[in-house]
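*Asks:* Going by my numbering, the sequence shown opens with residue 1, and the numbers climb by one from there. Note that the Cβ used here is the ideal one computed from N, Cα and C, for glycine as well. These numbers were taken from a predicted model, which means no experiment stands behind them. Quick one: this structure, given as structure tokens, is what I'll be asking you about.
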Amino acid sequence: MHTRLLNYFDAIVRHGSIRKAAEAVNVAPSAINRHLLELEGLVGAPLFDRLPRGLRLTAAGEILSLHIRTTLRDYGRAISEIEQLKTGTRGQVTITCIESALADILPDAVRAFADRFPRIEIRIIGSPADEAVRLVSEGQADVCMIFNPPPRLPLIQVAATEFPLGIVAAPDHPLASLKSATLTDLVGHQLILPDESITIHQQINNVLASSALRLKPRIVCNSITFMSSYVEAGGAVTVMTPVGIANKLKSGQLVFKPLRDRGIPAQRLIAGVPDASLPIAAANFCQHLRTFLPTWHITAGGEAA
1 MHTRLLNYFD AIVRHGSIRK AAEAVNVAPS AINRHLLELE GLVGAPLFDR
51 LPRGLRLTAA GEILSLHIRT TLRDYGRAIS EIEQLKTGTR GQVTITCIES
101 ALADILPDAV RAFADRFPRI EIRIIGSPAD EAVRLVSEGQ ADVCMIFNPP
151 PRLPLIQVAA TEFPLGIVAA PDHPLASLKS ATLTDLVGHQ LILPDESITI
201 HQQINNVLAS SALRLKPRIV CNSITFMSSY VEAGGAVTVM TPVGIANKLK
251 SGQLVFKPLR DRGIPAQRLI AGVPDASLPI AAANFCQHLR TFLPTWHITA
301 GGEAA
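Following this line, the structure appears as structure tokens:
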């Protein structure tokens, strides 16, 4: 089947309607619909249920969608490797990354990589950890960066580094004068804590479960950006790594005090790939991360180095 036909089908799957798919690929809706009917004729079965609010994959469509994404991914890899063979520098790499590393670490990593490989196209997708893993597993991204990967994760780890977990507060907060802190120090203070979509949430719960301590956050949130901005405004305190707030630590807008509670491990940031068979551009980026991640750190004063 022609690559264009596969791309049109994949666009319909991703956008849920012929009109939106047509806009995405800059083709007339009638042409998209004609190609869809052609594909359904080739397959011999309807691929979408036509619903009032859009299109939904049929069982046959689900099967074909999985194979088409694999085909397009492999085709993209082949083109990338051919370009790399011809020029030694061209290709594409897609990186999906959690919010905190997207703010601090990834910009520095990508800048250094882009300086070395100026003709490699880089695509970046910000995602929660579970979504980042899904995108890589389904071939929609080459590399993901997440904290604290669970056991038996369907990824190969290609690079890693660790950061402490601590409390974050405004410089005039009562806890800002501490050298280090415990979760007990948070009692009686206004708290904003991460929700269950952030791995820190479960680690805090594990420590609390083994003690009589109970923490009642006023706000629960899934955004590092919101939590740090809320804390910066004064009054509240949160728990996070220094990743994602390096500039605010460096400028003195926030302070970070490491937690010394037993049972709270260092937070492990990893870069993972779905398998060892990577396009050359993505493999080059992974090699870059292997040397870059261990050297990126935040000093005691909050400065990224």
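How many whole angstroms separate the CB atoms of ALA141 and LEU135, which I take to be in contact at a CB cut-off of 8 Å?
*Replies:* Correct: roughly 4 Å between the Cβ atoms.
*Asks:* Between which two residues does the beta strand (DSSP E) containing THR184 stretch?
*Replies:* Counting along the chain, THR184 falls outside any beta strand (DSSP E), and DSSP gives it neither H nor E.
*Asks:* Please determine whether the Cβ atom of LYS179 lies at a distance below 8 Å from any heavy atom of the ligand ATP.
*Replies:* This structure does not include the ligand ATP; it has no bound ligands of any sort.
*Asks:* By DSSP's criteria, PRO258 is part of a beta bridge. Which residues make up the other side?
*Replies:* Answer by DSSP bridge pairing, in chain order: GLY166.
*Asks:* Starting from the C-beta of GLY272, find all residues in its chain whose C-beta is less than 6 Å away, skip the five residues before and the five after it, and write them out in chain order.
*Replies:* Contacts found: CYS144, LEU155, GLN157.
*Asks:* Sorted by chain position, which residues of the same chain lie with C-beta nearer than 6 Å to ALA45's C-beta, five sequence neighbours on each side aside?
*Replies:* Closer than 6 Å at Cβ, skipping near neighbours: ALA60.
*Asks:* Alpha carbons only, please: which of SER180, THR225, CYS221 is nearest the one belonging to ASP261?
*Replies:* The shortest Cα separation from ASP261 among SER180, THR225, CYS221 belongs to SER180.
*Asks:* Would ALA300 be called buried (16 or more neighbouring beta carbons within 10 Å of its own) or exposed?
*Replies:* With a pLDDT of only 37 at ALA300, under the threshold of 50, the placement of this residue in the model should not be trusted, and no figure is reported.
*Asks:* Curious, which full-length beta strand (DSSP E) runs of at least 3 residues does the stretch 37-94 contain?
*Replies:* List check, beta strand (DSSP E) in window: 48-51, 54-57.
*Asks:* Using alpha carbons as the reference points, say which of LEU102, LYS257, ARG73 lies closest to ILE124.
*Replies:* For the residues LEU102, LYS257, ARG73, the minimum Cα distance to ILE124 belongs to LEU102.
*Asks:* Could you name the residues that DSSP lists as bridge partners for ALA21?
*Replies:* Bridge partners of ALA21: none, in fact.
*Asks:* For ASP172, does the count of other Cβ atoms within 10 angstroms reach 16, so buried, or fall short, so exposed?
*Replies:* Exposed is the call here.
*Asks:* Compare the C-alpha of SER210 against each of ALA160, VAL168, ILE264 and name the closest.
*Replies:* Closest by alpha carbon: ILE264.
*Asks:* Can you tell me the Cα-Cα spacing of PHE285 and SER177, whole angstroms?
*Replies:* So the two alpha carbons sit approximately 41 Å from each other.
*Asks:* Note down the Cα distance separating ALA182 from LEU259, rounded to an integer number of angstroms.
*Replies:* Contrary to the premise, residue 182 reads as Thr rather than Ala in this sequence. When rounded, the distance between both Cα atoms is 5 Å.
*Asks:* Quick check on PHE147: does DSSP put it in helix, strand or coil?
*Replies:* DSSP places PHE147 in strand when its eight states are reduced to three.
*Asks:* Answer yes or no: do THR161 and ARG77 have a C-beta to C-beta separation smaller than 9 Å?
*Replies:* No, these two residues do not count as a Cβ contact at 9 Å.
*Asks:* Do GLU38 and LEU6 have their CB atoms nearer than 9 Å?
*Replies:* For GLU38 and LEU6, no; Cβs fall outside 9 Å.
*Asks:* Of all the alpha helix (DSSP H) runs that stay within the bounds of the stretch 197-247, which reach a length of 4 or more residues?
*Replies:* Runs found: 199-209, 224-232.
*Asks:* Which residues mark the beginning and the end of the alpha helix (DSSP H) in which ILE105 is found?
*Replies:* Unbroken alpha helix (DSSP H) run through ILE105: 105-116.
*Asks:* Output yes or no for whether 9 Å exceeds the beta carbon distance between PHE163 and THR241.
*Replies:* For PHE163 and THR241, yes; Cβs fall inside 9 Å.
*Asks:* Which two residues bound the contiguous alpha helix (DSSP H) that contains LEU269?
*Replies:* Segment 267-273 is the beta strand (DSSP E) holding LEU269; no alpha helix (DSSP H) there.
*Asks:* Given that a residue counts as buried once 16 or more other Cβ atoms are within 10 Å of its Cβ, and exposed if not, what is GLY244?
*Replies:* The residue in question, GLY244, is buried, as its Cβ has 16 or more Cβ neighbours within 10 Å.
*Asks:* Can you tell me where the alpha helix (DSSP H) holding GLN190 begins and where it ends?
*Replies:* Run containing GLN190: none in the alpha helix (DSSP H); it sits in the beta strand (DSSP E), 190-194.
*Asks:* Within this structure, are the beta carbons of MET41 and SER17 separated by less than 9 Å?
*Replies:* First, the amino acid is wrong: residue 41 is Gly here, not Met. Cβ atoms of GLY41 and SER17: not closer than 9 Å.
*Asks:* What's the C-alpha gap between GLU131 and LYS248?
*Replies:* Looking at the two C-alpha atoms, the distance is approximately 27 Å.
*Asks:* Which residues share a DSSP beta bridge with ARG123?
*Replies:* DSSP output for ARG123 lists THR94 as bridge partner(s).
*Asks:* I need the boundaries of the alpha helix (DSSP H) containing THR3, first residue and last residue.
*Replies:* Taken as a continuous stretch (DSSP letters only), the alpha helix (DSSP H) holding THR3 covers 3-15.
*Asks:* Where does ILE264 sit, in a helix, a strand or coil, going by DSSP?
*Replies:* If DSSP states are grouped into helix, strand and coil, ILE264 belongs with coil.
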